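Just below is one structure, and these are the notes that go with it.
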Amino acid sequence: MKYLAYGGVNTSQKMFQGVEDRDMKDMDAEDILVARGQATINHDHSRLEIDFNAVVKGFLTSVFPFFFNPQSESEVKLATDTIRNFLSYLLYHDVCPEHKQNIDDARGSCDVAAKEIWKNTQFTAQGPGHFNIAASTLFGGFFYDNYVEDNQWENKKGESVFMTIEVASKVVKVALAGAASYMQVKRYDELANAEGLEAVCVEDIHGFEVTRVHPPSARVREFYKEHAPDLYPVGKIYGKAYRDPGKPKYDLGPEESLEWEQCSAPEEEFEFFVEEHLLEHCYPGMKVMTTVWELNCGFHFFDEVFSSYCSIYTVLANDLMMGWKKPRDLTGKDADDSSDEGVGDEES
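With our numbering, the residue at position 107 of the sequence shown is 192, and numbering never jumps.
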């Protein structure tokens, strides 16, 4: 019902609109179906654009994960399969042949969402990973601000343990030695010896979009096995700056705003070190909402993960329009015309 309401179908209770058996004797099959139907489409909605695929993508990627908060892969499959079966029903019965291709595309979006939503949930829960926690603890960010040396506070509500400076330093150094380039390691050592390592927050973005995923190579795994068997091997993910269309826009200058709208702004590619068990949940097109930091030795790290979006992430204003009615001017001529509104509802 939530999906139908999101798509513009009226699923509210039908007050005082019951029908008796004696009244149905004079009705044909279509009239009976309309009278007993639980869903209707308002007459003023008939002028709106029909796009099954956009509604599916908007509902499954920007509404379902956050309003229903699925706790297992089976819950995700239940939602995507239910919508997919509904769309298959429309195709099988040839309900609207003029939208056949669009409905088929919507079924494909259900398949994509079924795979990616659960990956997003796992990545958000398990992220940002040991390396990024260590970098944040050492150089700045959420874990840096919450770090307390020799922390003796007893947290009765949680069992989370913050890294010590020694452990964080080991995690970062082993990852750089095993997976970073020669220039990155050299630059890191030079700045570390001169106590010149600094991290700067990348501003005016909401997170990053994954472009490539590189799992740890056999050489990196062997390096970790020999020198740090207690740590997880790291691979790399590459990403580009991302701004969430569902959030308020940043206050930019006219020229910079125009560059972003025309996609002509220079795109900086981020390089992150991420543990192998987290890379399993990453894929090209994935949007990660987090704070990105740039270290002056040539690599990036990201902070606390707020949320993750699918590759087909779509933001619609449909949920804001649920239950909305056109205002009526009771002082003018619109009051006389308002009696005609709402007449001619048709079954969805």
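Beta carbons are placed, not taken as given, at the ideal position from N, Cα and C, and that holds for glycine.
Computed from a predicted model, the values in this text were never measured in an experiment.
Item                                                                                                          : Value
Reduced DSSP category for Val389 - H, G, I as helix; E, B as strand; rest coil                                : For clarity, residue 389 is Glu in the given sequence; the question names Val instead. Strand at Glu389.
Cα-Cα separation, Gly263 to Tyr368                                                                            : 23 Å
Of the residues Cys195, Gln211, Val161 and Ser159, the one placed nearest Ala139, counting alpha carbons only : Cys195
Range covered by the beta strand (DSSP E) that runs through Glu356                                            : Glu354 to Glu360
Proximity of Tyr327 and Glu294 at Cβ, strictly below 8 Å                                                      : yes
Phe358 vs Ala260 beta-carbon contact at 8 Å                                                                   : yes
Thr167 - containing alpha helix (DSSP H), residue span                                                        : Glu158 to Tyr177
Asp388 at chain D interface by Cβ criterion, 8 Å                                                              : Checking the listed chains, one finds no chain D in this structure; it contains a single protein chain.
Closest residue to His299 among Glu201, Leu364 and Pro333 (Cα-Cα distance)                                    : Leu364
Given Val257 as reference, the closest of Glu280, Gly225 and Ile218 once Cα atoms are compared                : Ile218
For Gly338, the three-state DSSP class (helix, strand or coil)                                                : coil
For Lys241, the three-state DSSP class (helix, strand or coil)                                                : Caution is warranted here: a pLDDT of 48 is assigned to Lys241, below 50, making its placement in the model unreliable, and the coordinate value is therefore given only provisionally. If DSSP states are grouped into helix, strand and coil, Lys241 belongs with coil.
Burial state of Glu360, where buried means 16 or more other Cβ atoms lie within 10 Å                          : buried
Rounded separation between Leu401 and Tyr88 - CA only                                                         : 13 Å
CB contact flag (Ile397, Thr146, <8 Å)                                                                        : yes
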